[in-house]
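Visitor:
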Amino acid sequence: MTRPKIALIGAGQIGGTLAHLAAIKELGDVVLFDIAEGTPQGKALDIAESGPSEGFDAALKGTTDYADIAGADVCIVTAGVPRKPGMSRDDLLGINLKVMKSVGEGIRNHAPDAFVICITNPLDAMVWALREFSGLPHNKVVGMAGVLDSARFRHFLSVEFNVSMRDVTAFVLGGHGDTMVPLVRYSTVAGIPLPDLVSMGWTTQDKLDAIVQRTRDGGAEIVGLLKTGSAFYAPATSAIEMAEAYLKDQKRLLPCAAWCDGEFGLKGMYVGVPTIIGAGGIEKIVDIKLAKDEQVMFDSSVAAVRGLVDACKGIDPSLA
Ligand code: APR
């Protein structure tokens, strides 16, 4: 059996990290695509040369020709520009929308059977536009946000409780922006919900509220520190977790920006919800019942995403 083929569209900070992780984990052969001549080729060669020491079997190729992604099983899209300090994810809309058009067409023409994971921001609007431009089935095009936001939440909680990150589960829904909805009630330490841990005196409500806010601001915190770009290690790791779930038919339950058509009372839009990822792509959306206060936060997040999608339609009338 031949190895799966993983195409990475965008060979910048996240793209290079994705390629390295995919090779180390032997998820398949990797093609790095970018418009910047030399960057994908250089990164592919550099990572391939780490193979003898690491001991992985994976072929790496860098290219500026979409024909090289032909037959890819997975495409992970990071093409576009990242944030600089002072910019919101939404400030990237106009530039990255044009990028999604060319990437969507490239995938449609060369890898129409792939499972496509979008990382480019503003995420919920870009994954919607990418799906529109590519014309692929909705269950095969998904956005990476919830896994990263939940991982940030889990990290902060594990530090607060001084327990292994492995024993902390967390749930973050809604759009990938300031309005994201960390679901405290469904977040646990080894099954003990966070509100119970507050009652048990493991932490205070104030500290928990501060962690929730830090999670919402997680991306901006890194942008502020790096100054020249945005986070890339954790975003890449999160997308690899999703790609692995698809390639190995793991049926993982992961929060992703998925196409809701009836679920959560939404008609035809992408937003962060719990999903099951397996060989069928997004095999199911887990339509949990939200409490009143959660629903209010989710609704405002949905409204923010709708605003971005409307802005896309304003910029590119072919999307309207
Ligand atoms: N087609 C292919 N690649 C493109 C295109 C295009 N039309 N336009 C830009 N690129 C490439 C750039 O040449 C660059 O190598 O996309 C890459 C982006 O890499 P970085 O600038 O390093 O950005 P990165 O940190 O990887 O983030 C990429 O993910 O999290 C989001 O907000 C982030 O939107 C940003 C994206």
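Going by full-length UniProt numbering, the first residue of the sequence shown is number 1, and it counts up by one from there.
In this text, a Cβ means the ideal position worked out from N, Cα and C, and glycines have one as well.
(1) What residue range does the beta strand (DSSP E) around Ala-257 cover?
(2) Distance check for Leu-130 and Lys-101, CA to CA, integer angstroms please.
(3) Roughly how many angstroms lie between the CA atoms of Glu-49 and Ile-107, to the nearest whole one?
(4) Please determine whether the Cβ atom of Asn-109 lies at a distance below 7 angstroms from any heavy atom of the ligand APR.
(5) Output the boundary residues of the alpha helix (DSSP H) element that contains Ile-211.
(6) Which complete alpha helix (DSSP H) runs does the stretch 159-206 hold, if anything under 4 residues is left out?
(7) Ile-192: beta carbon under 7 angstroms from a heavy atom of the ligand APR?
(8) Could you pull the DSSP bridge partners for Leu-32 from this structure?
(9) Run through DSSP, which three-state label would Thr-39 get?
(10) Per DSSP, what kind of secondary structure is Val-286 in: helix, strand or coil?
(11) Taking the beta carbon of Asn-162 as the centre, do at least 16 other beta carbons fall within 10 Å, making it buried, or is it exposed?
(12) Apart from the five residues just before and just after Thr-169, which ones in its own chain have a Cβ nearer than 6 angstroms to its Cβ?
(13) Just to confirm my understanding: we take Gln-205, look at its own chain, exclude 5 residues before and 5 after, and list those with CB closer than 7 angstroms. What are they?
(14) Report whether the distance from the Cβ of Leu-92 to the nearest heavy atom of the ligand APR is below 7 angstroms.
(15) Less than 7 angstroms between C-beta atoms, sequence neighbours within five positions excluded: which residues of the same chain meet that for Asp-287?
(16) Tell me the rounded alpha-carbon separation between Gly-272 and Val-127.
(17) Our contact map puts Leu-148 next to Ser-238 with C-beta atoms below 8 angstroms; I'd like the distance itself, whole angstroms only.
(18) Rounding to the nearest angstrom, what Cα-Cα distance links Leu-208 and Arg-166 in this structure?
(19) Report yes if the C-beta distance between Lys-43 and Ala-23 is below 8 angstroms; otherwise report no.
(20) Among residues of its own chain, excluding the 5 on either side of Ala-151, which ones have a beta-carbon nearer than 7 angstroms to its beta-carbon?
(21) Under the rule that 16 or more other beta-carbon atoms within 10 Å means buried, what is Asn-121, buried or exposed?
(22) Please report how far the alpha carbon of Phe-156 lies from the alpha carbon of Thr-215, in whole angstroms.
(23) Find the nearest neighbour of Gly-16 within the set Tyr-246, Lys-84, Ala-236, Glu-244, judged by alpha-carbon distance.
(24) Report the option in Phe-153, Gly-219, Arg-252 whose CA atom is closest to the CA atom of Val-184.
(25) With contact counted as at least three CB pairs below 8 angstroms, one residue from each stretch, are the stretch 27-43 and the stretch 3-11 in contact?
(26) Could you check where the beta strand (DSSP E) with Thr-275 kicks off and where it finishes?
(27) Using only the alpha-carbon positions, how far apart do Ala-320 and Lys-313 sit?
(28) Among the residues of its own chain, which have a CB less than 7 angstroms from the CB of residue 323, if the five just before and after it don't count?
(29) Does the distance from the C-beta atom of Ala-245 to that of Arg-252 stay below 8 angstroms?
(30) Can you find a CB in chain B that lies within less than 8 angstroms of the CB of Leu-92?
(31) Cβ of Asp-217 versus every heavy atom of the ligand APR: is any distance shorter than 7 angstroms?
Guide: Short version:
(1) Counted as a single uninterrupted DSSP element, the beta strand (DSSP E) harbouring Ala-257 occupies residues 252-261.
(2) Distance between the alpha carbons of Lys-101 and Leu-130 is about 7 angstroms.
(3) Linking Glu-49 to Ile-107 through their CA atoms gives a straight-line distance of about 28 angstroms.
(4) Checking the Cβ of Asn-109 against the ligand APR gives no.
(5) From DSSP, the alpha helix (DSSP H) with Ile-211 extends over 205-216.
(6) The alpha helix (DSSP H) runs of length 4 or more contained entirely in the stretch 159-206 are, from start to end of the chain, 194-199.
(7) No - the ligand APR has no heavy atom lying nearer than 7 angstroms to the Cβ of Ile-192.
(8) Paired residues: Leu-8, Gly-62.
(9) In the three-state DSSP reduction, Thr-39 falls in the helix class (H, G or I).
(10) Coil.
(11) By the Cβ neighbour-count rule, Asn-162 is exposed, with fewer than 16 other Cβ atoms within 10 Å of its own.
(12) Result list for Thr-169: Thr-188, in chain order.
(13) Correct list, in chain order: Val-198.
(14) Checking the 7 angstroms criterion, the Cβ of Leu-92 is within range of a heavy atom belonging to the ligand APR.
(15) These residues qualify, in order along the chain: Glu-263, Phe-264.
(16) Answer to the nearest angstrom: the Cα atoms are 11 angstroms apart.
(17) Confirmed, Cβ separation roughly 4 angstroms.
(18) Straight across, the Cα-Cα distance linking Leu-208 with Arg-166 is about 19 angstroms.
(19) Their beta carbons are not under 8 angstroms apart, which means Lys-43 does not touch Ala-23 by this criterion.
(20) Cβ neighbours of Ala-151 beyond the five flanking positions: Ala-234, Ser-238.
(21) The residue in question, Asn-121, is buried, as its Cβ has 16 or more Cβ neighbours within 10 Å.
(22) Within the model, the alpha-carbon separation for Phe-156 versus Thr-215 is close to 8 angstroms.
(23) For the residues Tyr-246, Lys-84, Ala-236, Glu-244, the minimum Cα distance to Gly-16 belongs to Ala-236.
(24) Out of Phe-153, Gly-219, Arg-252, Phe-153 has the C-alpha closest to the C-alpha of Val-184.
(25) They touch, by the three-pair rule.
(26) For Thr-275, the uninterrupted beta strand (DSSP E) run begins and ends at 267-278, by DSSP.
(27) If I take the Cα positions, the gap works out to 5 angstroms.
(28) The requested residue 323 does not occur in the structure, where the chain is confined to residues 1 to 320.
(29) Cβ distance < 8 angstroms, so Ala-245 and Arg-252 count as in contact.
(30) Among the chains in the structure shown there is no chain B, since it carries only a single protein chain.
(31) No, the ligand APR has no heavy atom inside 7 angstroms of this Cβ.
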